[in-house]
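Novice: Numbering (full-length UniProt numbering), first residue to last: 1 to 202.
Just dropping this structure here.
This is the structure in structure tokens:
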């Protein structure tokens, strides 16, 4: 796709089911969960990570800008809003046309972001977003959005409101992706599954 693309990675979760430890910093192969995600993103897409700044591998640190949601740990709506603002600051002369939104605990999501962006381009302007499928509803945090539509949906939105309610007015298409690429690290079992696959990528 020739459109300009920016990436938002939401890293502000509480990791309650992993004992409160930062999920994105868990070791995975030769790096961390977040390192794996960032390494698979196209090199020419600027990346904003939303959350408390944390170390990432030198090979990817150069392309990452950190910002904080308000309030801190305010949830995905607050995180997306903060990330959009940070992306706009990076390119005040020309807005991004497409914004990819990802959760920071999805180590393999970067493998399919290009497919999501291409699918959005193929849909035409009648569709606001293409989200990965997962269960009975689209995965809004593994998705490519038209930046203008996403910004409209967030305008005057209550940051405490759930992301599905906030983005309910968007016209969303879905794309089937390999199950492993939608894996998020919520439990020790999820982390074990990711670690079983990670050596294949080293």
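Cβ atoms here follow ideal geometry from the backbone N, Cα and C, with glycine treated the same way.
Since the model is a prediction, treat every value here as computed from it, not as a measurement.
Check each candidate in 128, 23, 170 and name the one with the smallest Cα separation from residue 104.
Specialist: In the chain shown, the residue the question calls residue 104 occupies position 104. Of 128, 23, 170, the residue nearest in Cα terms is 23.
Novice: Okay, do the region 55-70 and the region 125-135 touch, 3+ Cβ pairs below 8 Å being the bar?
Specialist: no
Novice: Tell me which residues share the same chain as residue 9 and place their Cβ nearer than 6 Å to its Cβ, disregarding the 5 neighbours each side in the sequence.
Specialist: Position 9 of the chain shown, counted from the first residue, corresponds to residue 9. Excluding residues within five positions, the ones whose Cβ falls inside 6 Å are 49, 102, 104.
Novice: How should residue 35 be labelled, buried or exposed, when 16 other C-beta atoms within 10 angstroms of its C-beta is the threshold for buried?
Specialist: Here residue 35 refers to the residue found at position 35 when the chain shown is read from its first residue. Under this definition residue 35 is a buried residue.
Novice: Among 129, 92, 187, which one has its Cα closest to the Cα of residue 150?
Specialist: The residue given as residue 150 occupies position 150 in the chain shown. When each option's Cα is compared against that of residue 150, the closest is 129.
Novice: If residue 68 sits next to residue 82, beta carbons under 8 Å apart, how far is it from one beta carbon to the other, in whole angstroms?
Specialist: Against the chain shown, residue 68 aligns to sequence position 68. Against the chain shown, residue 82 aligns to sequence position 82. Right, the Cβ-Cβ distance comes to about 6 Å (below 8 Å), so this counts as a contact.
Novice: Can you find the residues in the same chain that come closer than 8 Å, C-beta to C-beta, to residue 139, ignoring five residues on each side of it along the sequence?
Specialist: Locating residue 139 in the chain shown gives position 139, where the first residue counts as 1. Contacts found: 131, 132, 133, 182.
Novice: Hey, residue 100 and residue 87 are a contact pair by Cβ (cut 8 Å); roughly how many whole angstroms apart?
Specialist: Here residue 100 corresponds to residue number 100 of the chain shown, with the count starting at 1. Here residue 87 corresponds to residue number 87 of the chain shown, with the count starting at 1. Not quite, the Cβ-Cβ distance comes to about 11 Å (not below 8 Å), so this is no contact.
Novice: If you follow the beta strand (DSSP E) that residue 139 is in, where does it begin and where does it stop?
Specialist: Within the chain shown, numbered from 1, the residue matching residue 139 stands at position 139. First-last of the beta strand (DSSP E) with residue 139: 139-146.
Novice: Using C-beta distances below 6 Å, list every residue in its chain close to residue 123, excluding the 5 sequence neighbours before and after it, in chain order.
Specialist: Sequence index remark: in the chain shown, residue 123 carries index 123 (1-based). Counting only Cβ-Cβ distances below 6 Å, and skipping sequence neighbours, we find 173.
Novice: Indicate whether the contact test is met: 3 or more Cβ pairs, each with one atom in the region 186-196 and one in the region 159-167, closer than 8 Å.
Specialist: no
Novice: So what does DSSP say about residue 103, is it helix, strand or coil?
Specialist: Within the chain shown, residue 103 is the residue found at index 103, counting from 1. In the structure shown, residue 103 sits in a strand (DSSP, three-state: E or B).
Novice: Rounded to the nearest angstrom, what separates residue 202 and residue 114 at their Cα positions?
Specialist: Here residue 202 refers to the residue found at position 202 of the chain shown. Here residue 114 refers to the residue found at position 114 of the chain shown. Unreliable placement is indicated for residue 202, whose pLDDT of 46 sits below 50; no coordinate value is reported for it.
Novice: If we ignore side chains and look at the alpha-carbon of each, how far apart do residue 184 and residue 125 end up?
Specialist: For this step, residue 184 is matched to residue 184 along the chain shown. For this step, residue 125 is matched to residue 125 along the chain shown. Those two C-alpha atoms are separated by around 30 Å.
Novice: Can you name the residues that DSSP bridges to residue 172?
Specialist: Looking up residue 172 in the chain shown gives position 172. Bridge partners of residue 172: 129.
Novice: In this structure, does DSSP put residue 202 in helix, strand or coil?
Specialist: For the purposes of this step, residue 202 is taken as residue 202 along the chain shown, with counting starting at 1. In this prediction, residue 202 has a pLDDT of 46, which is less than 50 and means its spatial position is unreliable; what the coordinates show is noted afterwards. In this structure, residue 202 counts as coil in the three-state DSSP scheme.
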